[in-house]
Amino acid sequence: MGTLEQFLKFEKDNDLFSRKYCEENYWQLLRNYIYRRITENPDIIETPQMLARSAQGLSAEKIMILMKTLRYAIQHYVSPKPKSANVLILDISRYLDVDGVRQHVFFDPIRERLTCESVYVVFNYVLPLTRKQPNIAPYMLKYYFCLVYAKTFRIYIDQEEGVFLDSLQQLLKQEFEVKIPLEPIVREDVIFIKSISKYAKSLLQKVNPKAVLRQGHNRQTLVITKEAKSLGIPVIELQHGVITKENIVYNYLDTIGSKIYSPNYLFTYGDYWSENIRTPQDTKVITVGYHYFESRMKKLRGIKKQDNLIVFYSNFNRYIINILLAMNQQAKEHNYKIICKMHPGETMWRSYYPELAESDIQVIDTRMDVYELLMSARHHVGGTSTVLFEAVGTGGGIHVHLSGKSILSDMIRAGAAKEFSSAEELMHNILKMDKRDSGRVDNSLIASYLFAPNALQNQLNSINSIIQNPLFALVNPLS
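Here you go:
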């Protein structure tokens, strides 16, 4: 039994989804973090948000995020006067400059083409905004106030559940050899839920949407989801990132009963992802496709391949950076050019990877259109990045480090990707591939399995059907 299956059985055997602390369900907010701690890898970089999540009290990371929240709350505050709308979009500020236009690559195409009367957008994450817009930052400040208040006056303490958490902590240590102080983390989650829930319910009642559209799994999104479902408003999630049998976010062994933080509908990129998911009983999985990927592939299909270009995709993985540095000189000797593409969240990459910062390797750390690299590069190298799936069908070679083997194992078995464990092996595979077939690989059949066609129209049809009849049993739009 693998670690994920063992963990899923553990949470089902202990009936963790039914547990409450101060009358709030907490396990769904906690499980991703717990599983990451069980499987943690010292070569995977932790962001300030991850560190803040694990720290007790007002840690340096929490204080940094608090100051950031305060700044955005002041700079971008808009008096929250929500208007009634058919669709409420929970925007997490995934904006890119595409063909000279700054746009939200996931939501803007949908918002512009929906046939319903109106759409209301609220920013629910603390990221740089381009203009003043309704956002959740002012309400996030309440969480920090409540955090201090609760610790000062010893409120939000559930002694009975605290006893259970102590025993659960011991069980985790026995079964997974990990020591995690559960009650302080659960208590902070509960304070967060109680701080944001009132705002979330008020927002939903004023907008009165027929559907909520979300992407991602930050706590703000999850709390608004909980309140929407309690009001009978269906929640639709757009897939973001990798869905596999190894990803805890999209896998539940205990599928019986409602999971209050899960969406009612999950729109996936393709049948491959839909088949690799185990959802709660009340979540319907619908294959729609990935519009941004589809549109950029069509737009950039004429880009000429650079025969000597190798792109490494970091995605917070120190393994990849170490391989990159070790292979740099070999690549030069064989007349290859290397580029390292950072994840948009790796803004502090110079401190994460000082050796890379001091090297002569070209690093792209902006939110540039990654598809230009996908279409122009001869070889793509990474560990766990979704980009490696997107590279299928571009005609380039795909190389997966062993650190990502569990997530990309299906691609390796299908022959769409080649695994490697060292810089020497990677260089050997690249040279062998280029000598055999000039680096050209035909993975078009696999690509259609990963990314269904006509994505935008599929999304619009499905959303409009849900709005018109929230209780409908939607037939897969591709069938």
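The working numbering numbers the first residue of the sequence shown as -7 and each following residue consecutively.
Quick reminder that beta carbons are idealized off the backbone N, C-alpha and C, glycines included.
Everything numeric in this text was worked out from a predicted model, so none of it was measured.
In angstroms with no decimal places, state the Cα-to-Cα distance between residue 253 and residue 298.
Against the sequence shown, residue 253 aligns to sequence position 261. Against the sequence shown, residue 298 aligns to sequence position 306. If you take the alpha carbons of residue 253 and residue 298, they lie about 45 Å apart.
Which residues mark the beginning and the end of the beta strand (DSSP E) in which residue 232 is found?
The sequence position of residue 232 within the sequence shown is 240, counting from 1. Counting along the chain, residue 232 falls outside any beta strand (DSSP E), and DSSP gives it neither H nor E.
By how many angstroms is the C-alpha of residue 327 removed from the C-alpha of residue 259?
The count along the sequence shown starts at 1 and reaches residue 259 at position 267. The count along the sequence shown starts at 1 and reaches residue 327 at position 335. Their Cα atoms are separated by approximately 43 Å.
For residue 285, the three-state DSSP class (helix, strand or coil):
What you label residue 285 is simply residue 293 of the sequence shown in a count that begins at 1. Looking at residue 285 - three-state DSSP - the assignment turns out to be helix.
Length of the line joining the Cα atoms of residue 98 and residue 284
Sequence index remark: in the sequence shown, residue 98 carries index 106 (1-based). Sequence index remark: in the sequence shown, residue 284 carries index 292 (1-based). The straight-line gap from Cα to Cα measures roughly 7 Å.
For residue 9, which residues from the same chain have a beta carbon less than 8 Å from its beta carbon, with the 5 sequence-adjacent residues on both sides left out?
In the sequence shown, counting from the first residue as 1, residue 9 sits at position 17. Answer for residue 9: 3, 17, 19, 20, 246, 249, 251, listed in chain order.
If you draw a straight line from the alpha carbon of residue 419 to that of residue 313, how long is it in whole angstroms?
Here residue 419 corresponds to residue number 427 of the sequence shown, with the count starting at 1. Here residue 313 corresponds to residue number 321 of the sequence shown, with the count starting at 1. Using only the alpha carbons, I get a separation of about 15 Å.
Can you look up residue 345 in the DSSP assignment and give me helix, strand or coil?
In the sequence shown, residue 345 corresponds to position 353, counting from 1. Three-state result, residue 345: coil.
Which class does residue 93 belong to by DSSP, given the choice of helix, strand or coil?
In the sequence shown, the residue the question calls residue 93 occupies position 101. Strand.
Given residue 338, which residues of its chain have a CB within under 7 Å of its CB, disregarding the five upstream and five downstream residues?
As a first step, residue 338 must be located in the sequence shown, where it is residue number 346. Closer than 7 Å at Cβ, skipping near neighbours: 306, 308, 344, 357.
What's the C-alpha gap between residue 226 and residue 272?
On the sequence shown, residue 226 is found 234 positions in, with the first residue counted as 1. On the sequence shown, residue 272 is found 280 positions in, with the first residue counted as 1. Taking the straight line from one Cα to the other gives about 15 Å.
Cut-off 7 Å between Cβ atoms - residues of its own chain near residue 411, not counting five sequence neighbours on either side:
On the sequence shown, residue 411 is found 419 positions in, with the first residue counted as 1. Hits under 7 Å: 392, 394, 397, 404.
Quick one: using the 10 Å Cβ neighbour count with 16 as the cut-off for buried, is residue 255 buried or exposed?
Residue 255 sits at position 263 when you count from the first residue of the sequence shown. Its Cβ being crowded by 16 or more others within 10 Å, residue 255 is buried.
Name the DSSP beta bridge partners of residue 304, please?
As a working note, residue 304 is residue 312 in the sequence shown. Answer is 332, 373.
Which same chain residues end up closer than 7 Å to residue 443 when comparing Cβ atoms and leaving out the 5 residues on each side of it in sequence?
Stepping through the sequence shown from its first residue, residue 443 is reached at position 451. Excluding positions up to five away in sequence, the list reads 261, 262, 281, 282, 285, 286.
With DSSP as the reference, please indicate the residues paired to residue 412 in a beta bridge.
Working through the sequence shown from its first residue, we reach residue 412 at position 420. Residue 412 pairs with 393.
With residue 257 as the anchor, note down where its beta strand (DSSP E) starts and where it stops.
Residue numbering aside, residue 257 sits at position 265 when the sequence shown is read from its first letter. It spans 257 to 260 - the beta strand (DSSP E) in which residue 257 sits, taken as one unbroken run.
Report the residue from 169, 426, 204, 423 whose alpha carbon sits nearest the alpha carbon of residue 223.
Numbered from 1 along the sequence shown, position 231 holds the residue referred to as residue 223. For the residues 169, 426, 204, 423, the minimum Cα distance to residue 223 belongs to 204.
At which residues does the beta strand (DSSP E) containing residue 204 begin and terminate?
Position 212 of the sequence shown, counted from the start, is the residue given in the question as residue 204. Residues 203 to 206.
Check residue 217 in the structure and name its three-state DSSP category.
Residue numbering aside, residue 217 sits at position 225 when the sequence shown is read from its first letter. Of the three classes helix, strand and coil, the one that applies to residue 217 here is helix, per DSSP.
Is the separation between the beta-carbon of residue 380 and that of residue 195 shorter than 9 Å?
Taking the sequence shown and counting its residues from 1, one reaches residue 380 at position 388. Taking the sequence shown and counting its residues from 1, one reaches residue 195 at position 203. Cβ atoms of residue 380 and residue 195: not closer than 9 Å.
Given a threshold of 16 other Cβ atoms within 10 Å of its Cβ, counted over all protein chains shown, does residue 243 qualify as buried or as exposed?
Looking up residue 243 in the sequence shown gives position 251. Buried: at least 16 other Cβ atoms inside 10 Å.
Who are the Cβ neighbours of residue 134 in its own chain at under 6 Å, not counting the five residues just before and after it?
Within the sequence shown, the letter at position 142 stands for residue 134. 187.
Ends of the alpha helix (DSSP H) at residue 5?
On the sequence shown, residue 5 is found 13 positions in, with the first residue counted as 1. Unbroken alpha helix (DSSP H) run through residue 5: -5 to 5.
Using only alpha-carbon positions, find the residue among 378, 82, 295, 373 that is nearest to residue 234.
Counted from its first residue, the sequence shown places residue 234 at position 242. The shortest C-alpha separation from residue 234 is found at 378.
Do you know how far the Cα of residue 382 is from the Cα of residue 240?
For the purposes of this step, residue 240 is identified with residue 248 of the sequence shown, where counting begins at 1. For the purposes of this step, residue 382 is identified with residue 390 of the sequence shown, where counting begins at 1. Near 21 Å, if we compare the C-alpha coordinates of residue 382 and residue 240.
From 355, 78, 316, pick the residue whose C-alpha is nearest to that of residue 336; which is it?
Mapped onto the sequence shown, residue 336 falls at position 344. That would be 355, whose Cα lies nearest to the Cα of residue 336.
Let me know if residue 207 comes out buried or exposed under the rule of 16 or more other beta-carbons within 10 Å of its beta-carbon.
To locate residue 207, count along the sequence shown from 1; it is residue 215. By the 10 Å Cβ count, residue 207 comes out buried.
Buried or exposed, going by whether 16 or more other CB atoms sit within 10 Å of the CB of residue 107?
Working through the sequence shown from its first residue, we reach residue 107 at position 115. By the neighbour-count rule (16 or more Cβ atoms within 10 Å), residue 107 is not buried but exposed.
If I follow the unbroken alpha helix (DSSP H) through residue 263, where does it start and stop?
Here residue 263 corresponds to residue number 271 of the sequence shown, with the count starting at 1. Counting along the chain, the alpha helix (DSSP H) containing residue 263 begins and ends at 263 to 267.
Start-to-end residues for the beta strand (DSSP E) that takes in residue 276
The residue you call residue 276 lines up with position 284 of the sequence shown. Its beta strand (DSSP E) spans residues 276 to 279.
Residue-level contact to chain D via CB, residue 226, 9 Å cutoff:
The structure shown contains no chain D; it holds only a single protein chain.
Local conformation of residue 270 per DSSP, three classes
The residue labelled residue 270 in the question sits at position 278 within the sequence shown. It is a strand residue.
Relative to the C-alpha of residue 26, which residue among 190, 168, 96 is closest?
As a first step, residue 26 must be located in the sequence shown, where it is residue number 34. Looking at the Cα atoms, 168 is the closest of the given residues.
Segments assigned alpha helix (DSSP H), at least 4 residues, entirely inside the stretch 146 to 199
151 to 168, 174 to 199
Distance, Cα to Cα, residue 409 vs residue 389?
Mapped onto the sequence shown, residue 409 falls at position 417. Mapped onto the sequence shown, residue 389 falls at position 397. Using only the alpha carbons, I get a separation of about 7 Å.
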